[in-house]
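Chemist:
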Amino acid sequence: SGFQHLFTDIPPLLRVRIDSQLNHELIQQLNNNILGINYNNDREKIQMKIQTITEFLSELKTIEDNLQQQSTQPLVQTCGYLAIDNPILSWIPDKIKCENYVELYIHLIRARSKLQEQKLNIEEQKMKLWEENSNFEDQQGIRLHQYINPQYDRQISNDLENKDIQSTPLMTIHLRAVPCLSSVFSQQIHKYREEAMALEPIIVAKPQKYFITHPNGESKPVLWKREAICEQFRKLFDVKKYNYDSLVVVDKNEMVFDFTKDNYRLSDPSIFEYHIIEKQLLIQTQIHFRAQIYEYLTTSKCTMSTIIRQFIDSEQLRSLSSASILCFVDQYGKCFVDETINNFCTEESKTISIFVTEETLDGNALHELACQYKKDEIPMIDLFSSTAKWQQIKFWLKTIIDPSVDDYVFFMREKEIIIDDNRILSTTTTESMIIDVINRNSLSKVILTFETNNQTVDVLKSMKISSLLNLMGISSDDCVLVLTGENKLKLTEDDLEKSVSTYSSNENDVLHLQLLISIQITKYDDKENINIPLSNRNITIEQLLNLTEKSIDVYKYLATNDTKKIINSNEKLSNLNQTKFILVQENETCLVSIMKSSNNLQQRFVVFATLADVYKENILHQYLMYSTDFVPSKDIQLLSFTSESPIQFIAIDENLPITVTVQNDEVNKSIQFNCELSITVERLYAIACQLFSLNNEYYRLTMEDVESIDGDVSLKDIDENMSEISFKIVSIASQYCSIKYLNQIIRLPCCGDTSVMTIVKEVLQKLDKPADNIKAYDLIALDEDQTEIDFDYVIDDVIGLFPNGTTTISLELKKKND
């Protein structure tokens, strides 16, 4: 059959041929349930069937001795007695006996091989489709694993492709966290533990026939009592004059049976064959578990599962919680598979180390590494412990990767960083990611210097300088980069888009970059941007003001960009952790006083700062009450309160109970504040005019369906159970001024005796500009002659420039010399 060579050590009692009719029935069953099924090219379904066959073959292998003893009995029945539960048993004819073991085994191997061939054909077909529909030049990011391993995320090619990477990786690793039971070997051992718990111990009372194979190859049967087996082996060695130091006894499972210890329980009662061999042929296995080391001696033919089962039985680990999974890894952190231990030996050492960890059933304690040399190759998939270090992965790869490469590094493609060798897998990712294995010669060493601090990093030579800054968490907007050395070079935006290798004169050059912090200052009055590069932040705000080259007598203050608070001139820049500031004149600021129960706090802010800025600056969890009777909302600007200095607030723990909303349709804006029920409509009107910056001569408050409200009416009079109320503020003026400033138009109510000075001040206030600077502006009437208006005039003096009946006077405010 082509598989007979696999069974040369199987006794004749298990090699009886199956009757031709029965054989035909078996083949029919396997065809119906395995080979004849339409899997719809689903590789996962085929793999599950392959796994079912593999598990059943493994189970049969473990009960060969029992099958031999029951050779004339039905195989399905015997498997049932031995608690083997596998769907394949339902497909085996009842008349097939244990003596037909070898031929049944061969049928199953053949069926599994055909499934594997079918699976491979599907993979090759998908590979062909990929090659026919892909352009390798245009789609360098496409990876073949997307097609032959669909569990990998297909977005990788687009999302993670790094255009900076021009060097070809030695291999690509697809890394993802997986459950413990992703390891087939861990599954087998877990199943063994669960099944072994239910088995009753075998009690052997009668003498048993054992077959002893001597060093000369001669096999002789003996009739020994099990409890005397150790003593009988000692007698045998003494009679035969065998050397205890050079010869050992191994059982049928290829494990040493130490008969020198007077403990017959070390002998498996189901084993009846022993061999006496030379000790020099043995391999030592050390199992590291719970700070202990357990040693076992075996031949090279012994399987990993045999050793682990012996370990579990001897250390009574069957009783571990079913929620606990045992994982078995080597010195690299790589999970073992069930093979003969000879496959795990090296030329340097005949000792195998197994490290056992206890994991939870529902945890992702393993990581799957799918290593791929080329995009047209099937990945090599291995499982590793989540606590394995990348240095261990590197040592493992040295056993399989191109030996001509002296050293290499792991490059996390998505984050564009080199992974530290001492980092463990579980801290690298909880999801899937791509890692490129790169020759260390593809890296360049870069030293970044800021002030007195140096940081050395290894990066790809092909990486852009801008990408390097991103890796370091540095925005190119916040700094200036200078290439140091013989020829200092300040890097421009275009220079930052060049690769690291552009600035290295030879392959082993270390690139030294000095980082200058870029201080960005915006003048409030004209929005001019001032950039000041600094090599050291150990300067005061006053010194920074001098570096702006603006008159310090005019531009006296710097404010923070986030809370608009004026910074003390003696404050050190290094204490602020900020790079963006606002340059203001004194008349563009206001003093704020906050009275608390324990102290009175005074701070200076820019006038266009909001109450939200004040809250943020002081980390206030209280409420700021103004004028002892209302709490303005946080979006109100301090400009609304500049009629007094300092602007005085009282910090209170609870907000006032009534929320008042006032809508101004003229500017399509509303304001909010909180107050008491006792407040009158007259006071509400005054507050609304203040917060909207309105002249209280030209407006009134209204409510829905109510045109006019008596000013003496309180909120309690309206509804003593209210928690909120809404008003509208409407104009009662018959004349208006429409003032244009740059691209803004402001409409203000007025009357004949309203002074032009008053109109201009109101406009400046609405433009968030200080009224103290009024002389810096000109006012032009937009009549036919563009007449300049004197600030000492009143509206009646101006209206004569326009046609009779004009109700809206059109004006333009211009800054002098514009």
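Heads up: take any position in the sequence shown, counting from 1, add 36, and you land on our numbering. From the three backbone atoms N, C-alpha and C, an ideal C-beta is built for every residue, glycine too. Quick caveat, the model's predicted, so the values are computed rather than measured.
1) My output table needs one value for residue 110: the three-state DSSP class, helix, strand or coil.
2) Whose C-alpha, out of 763, 721, 786, is nearest the C-alpha of residue 770?
3) Would you kindly work out how many angstroms separate the C-alpha atoms of residue 212 and residue 447, rounded to a whole number?
4) Kindly give me the distance between the Cβ atoms of residue 608 and residue 687, rounded to whole angstroms, as I take these residues to be in contact under 8 Å.
5) How close, in whole Å, do the beta carbons of residue 449 and residue 472 come, if the pair is a contact with beta carbons under 8 Å?
6) Just to confirm my understanding: we take residue 501, look at its own chain, exclude 5 residues before and 5 after, and list those with CB closer than 6 Å. What are they?
7) Enumerate in chain order the residues of its own chain whose CB-to-CB distance from residue 205 is below 7 Å, with the five nearest sequence positions on each side excluded.
8) Am I right that residue 504 and residue 518 are in contact with their C-beta atoms under 8 Å? What's the rounded C-beta distance?
9) So, are the CB atoms of residue 310 and residue 368 less than 8 Å apart?
10) Spatial neighbours of residue 732 within its chain, please: CB distance less than 8 Å, with the 5 preceding and 5 following residues excluded, ordered by chain position.
11) DSSP three-state label for residue 48, please.
12) Beta strand (DSSP E) containing residue 783: first to last residue?
13) Given a cut-off of 8 Å on the beta-carbon distance, is the pair residue 700 and residue 677 in contact?
14) Does DSSP put residue 338 in a helix, a strand or coil?
15) Could you give the distance in angstroms between the alpha-carbon of residue 347 and the alpha-carbon of residue 377?
16) Considering only residues of the same chain and omitting the five flanking positions on each side of residue 119, which have a CB-CB separation below 6 Å?
17) With DSSP as the reference, identify every bridge partner of residue 569, one or two as the case may be.
18) Assuming residue 549 and residue 515 make a contact with CB atoms under 8 Å, what is their CB distance in whole Å?
19) For a cutoff of 8 Å on Cβ pairs, would you count residue 602 as touching chain B?
20) In whole angstroms, what separates the C-alpha of residue 199 from that of residue 675?
21) Kindly list the residues whose CB is nearer than 6 Å to the CB of residue 610, restricted to its own chain and excluding five residues on each side of it in sequence; keep chain order.
22) Judging by CA-CA distance, which residue of 62, 108, 74 is the nearest neighbour of residue 862?
23) Have a look at 637, 640, 660 and flag the residue whose alpha-carbon is nearest the alpha-carbon of residue 648.
24) Taking Cβ to Cβ, would you say residue 100 is nearer than 8 Å to residue 122?
25) Which residue comes first and which comes last in the alpha helix (DSSP H) that contains residue 657?
26) Quick check on the DSSP output: what are the complete alpha helix (DSSP H) runs of length 4 or more inside the stretch 407 to 442, in order along the chain?
27) Could you tell me if residue 459 is buried or exposed, where buried requires 16 or more neighbouring beta carbons within 10 angstroms of its beta carbon?
28) How far does the beta strand (DSSP E) with residue 59 in it extend, from its first residue to its last?
29) Which residues in the same chain as residue 86 place their Cβ atom closer than 8 Å to its Cβ, once the five residues preceding and following it in sequence are excluded?
30) Do the CB positions of residue 216 and residue 291 come within less than 8 Å of each other?
31) Can you give the beta carbon distance from residue 707 to residue 672, rounded, assuming they're within the 8 Å contact cut?
32) Return the chain-ordered list of same chain residues with a C-beta closer than 6 Å to the C-beta of residue 51, the five sequence neighbours on each side being excluded.
33) Contact between the stretch 798 to 810 and the stretch 744 to 754: three or more CB pairs below 8 Å?
34) Could you have a look at residue 257 and say whether DSSP puts it in helix, strand or coil?
35) Does the beta-carbon of residue 690 have 16 or more other beta-carbons within 10 angstroms, so that it is buried, or is it exposed?
36) Could you say which of 537, 404, 645 lies nearest to residue 600 if we only look at CA atoms?
Modeler: Taking the structure as given:
1) Three-state result, residue 110: strand.
2) Nearest C-alpha to residue 770: 786.
3) In a straight line, the C-alpha of residue 212 is about 15 Å away from that of residue 447.
4) In fact, because the Cβ distance is near 29 Å, the residues do not count as touching under 8 Å.
5) Yes, residue 449 and residue 472 are in contact; Cβ-Cβ is about 6 Å, under 8 Å.
6) Here residue 501 has 532 as same chain residues with Cβ atoms under 6 Å from its own Cβ, once five neighbours each way along the sequence are excluded.
7) Once the five neighbours on either side are set aside, the close Cβ partners of residue 205 are 472, 473, 474.
8) About 14 Å separates the CB atoms of residue 504 and residue 518; that is not less than 8 Å, and the two are not in contact.
9) Not a contact, by the Cβ cut-off of 8 Å.
10) 721, 722, 725.
11) The three-state secondary structure of residue 48, taken from DSSP, is helix.
12) It spans 780 to 786 - the beta strand (DSSP E) in which residue 783 sits, taken as one unbroken run.
13) Not in contact: residue 700 and residue 677 (Cβ atoms no closer than 8 Å).
14) Here residue 338 sits in coil by DSSP.
15) Their backbone Cα atoms lie some 15 Å apart in a straight line.
16) Taken in chain order, the residues that qualify are 231.
17) In DSSP, residue 569 forms a bridge with 554.
18) Contact check for residue 549 and residue 515: beta-carbon distance about 10 Å, past the 8 Å limit, so the pair fails to qualify.
19) No chain B appears in the structure shown, which is made up of a single protein chain.
20) Reliability fails at residue 199, whose pLDDT of 43 lies under 50, so the model's placement of it is uncertain and no value is given.
21) Same-chain partners within the cutoff: 573, 574.
22) Within the shown structure, residues of the chain are numbered from 37 to 854, placing residue 862 beyond reach of any answer.
23) Checked all of 637, 640, 660; the closest Cα to residue 648 is 660.
24) No, they are not a contact pair.
25) Per DSSP, residue 657 belongs to no alpha helix (DSSP H) and is neither H nor E.
26) With a minimum length of 4 residues, the continuous alpha helix (DSSP H) runs that stay inside the stretch 407 to 442 are 426 to 433.
27) Using a 10 angstroms sphere on the CB of residue 459, the tally of other CB atoms stays under 16, which defines it as exposed.
28) First-last for residue 59: 56 to 66, but that is the alpha helix (DSSP H), not the beta strand (DSSP E).
29) Excluding its 5 nearest sequence neighbours in each direction, residue 86 has C-beta neighbours in its own chain below 8 Å: 148, 151, 152, 155, listed in chain order.
30) No; because the gap between Cβ atoms is not below 8 Å, this pair is not in contact.
31) With a Cβ gap of about 7 Å, residue 707 and residue 672 count as contacting.
32) Residues 138 of the same chain have their beta carbon placed closer than 6 Å to that of residue 51, with the five preceding and five following residues left out of the count.
33) No, the stretch 798 to 810 does not touch the stretch 744 to 754.
34) It is a strand residue.
35) Exposed, by the Cβ-count rule.
36) Residue 645 is the option with its Cα nearest to residue 600.
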